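J.: Its first residue numbered 1, the sequence shown is counted upward by one per residue in the numbering used here.
Note that beta-carbon positions come from the ideal geometry of N, C-alpha and C, so glycine has one too.
Quick caveat: nothing in here was measured; it's all calculated off a predicted structure.
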Amino acid sequence: MRKEKSCGALVYRTKNGEVELLLLKHRFGGHWSFPKGHVEEGETEVETALREVHEETGLTIQLEEGFRQSVEYYPRPNIRKQVVYFLGYADDDRTRRQEEEISEIRWVPLKSAHREVIFRNDKNLINHAKKFLRRKFFRRNERKNPAPAQTDSQTIGE
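#1: Using a 10 Å radius around the Cβ and a threshold of 16 neighbouring Cβ atoms, would you call T44 buried or exposed?
#2: Take T151 and list the residues in its own chain whose beta-carbon comes closer than 6 Å to its own, dropping the five residues that flank it on each side.
#3: Once DSSP output is grouped into helix, strand and coil, what is the label at F132?
#4: Throw me the rounded Cβ distance for the L110 and K130 pair, which I believe falls under 8 Å.
#5: Q154 by DSSP, collapsed to three states: which one?
#6: Between the alpha carbons of E20 and K5, how many angstroms are there, rounded?
#7: Quick check: L59 and F86, are their CB atoms within less than 7 Å of each other?
#8: Any chance the segment 71–78 sits against the segment 100–115, with 3 or more Cβ pairs inside 8 Å?
#9: Taking DSSP as the reference, what is the three-state secondary structure of H114?
#10: What are the residues that DSSP puts in a beta bridge with G37?
#11: Under DSSP, the alpha helix (DSSP H) around H26 begins and ends at which residues?
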């Protein structure tokens, strides 16, 4: 069995107090997903993810420490593909689409992003990102205000 490896990232931003996720519509297959691509010789997983995000979207992102999710699937008989995803924050939301591979780029509310993707792995990744960001924002609120803090579940989604 042949093995392939790709890396990518779920890219988010905050806009008007709401967390939004970047989705790409792939020309081949016509489905919505996240920036990703094959690991080039000598590259680390992180380097691949950052390069692919920049190539496909024009964005430079900051990766969140502690978020790394790996999924495996079989795109064709006798090929096992592993994709490692990171979570990254974009403070500049001006995207530039890689026209050869991407037909459309869209920011969607994180709380409803699972409705836009069709693959179970992508839905699971979105759920992991929601949980991670909920914990991150809750800890930030706790540091600012030692009293019981309101969670950001409205902006992050349940």
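T.: Per the coordinate set shown:
#1: Residue 44 sits at position 44 when you count from the first residue of the sequence shown. Flag for T44 reads exposed.
#2: For the purposes of this step, residue 151 is taken as residue 151 along the sequence shown, with counting starting at 1. Only weak support exists for where T151 lies, its pLDDT of 41 falling under 50; the coordinates are left without a value.
#3: Start at 1 with the first residue of the sequence shown, and residue 132 comes out as number 132. Correct three-state label for F132: helix.
#4: To locate residue 110, count along the sequence shown from 1; it is residue 110. To locate residue 130, count along the sequence shown from 1; it is residue 130. Indeed, because the Cβ distance is near 6 Å, the residues count as touching under 8 Å.
#5: Stepping through the sequence shown from its first residue, residue 154 is reached at position 154. Bear in mind that the predicted position of Q154 carries a pLDDT of just 42, short of 50, making it unreliable; the figure below should be weighed with that in mind. The answer is helix: DSSP assigns Q154 an H, G or I state.
#6: Position 20 of the sequence shown holds residue 20. Position 5 of the sequence shown holds residue 5. In a straight line, the C-alpha of E20 is about 27 Å away from that of K5.
#7: Position 59 of the sequence shown, counted from the first residue, corresponds to residue 59. Position 86 of the sequence shown, counted from the first residue, corresponds to residue 86. No, the Cβ-Cβ distance between L59 and F86 is not below 7 Å.
#8: no
#9: Here the question's residue 114 lines up with position 114 in the sequence shown. It is helical.
#10: Within the sequence shown, the letter at position 37 stands for residue 37. Note: G37 sits in a beta bridge opposite C7.
#11: Along the sequence shown, read from residue 1 onward, the residue named residue 26 stands at position 26. Per DSSP, H26 belongs to no alpha helix (DSSP H); it is in the beta strand (DSSP E), E18 to H26.
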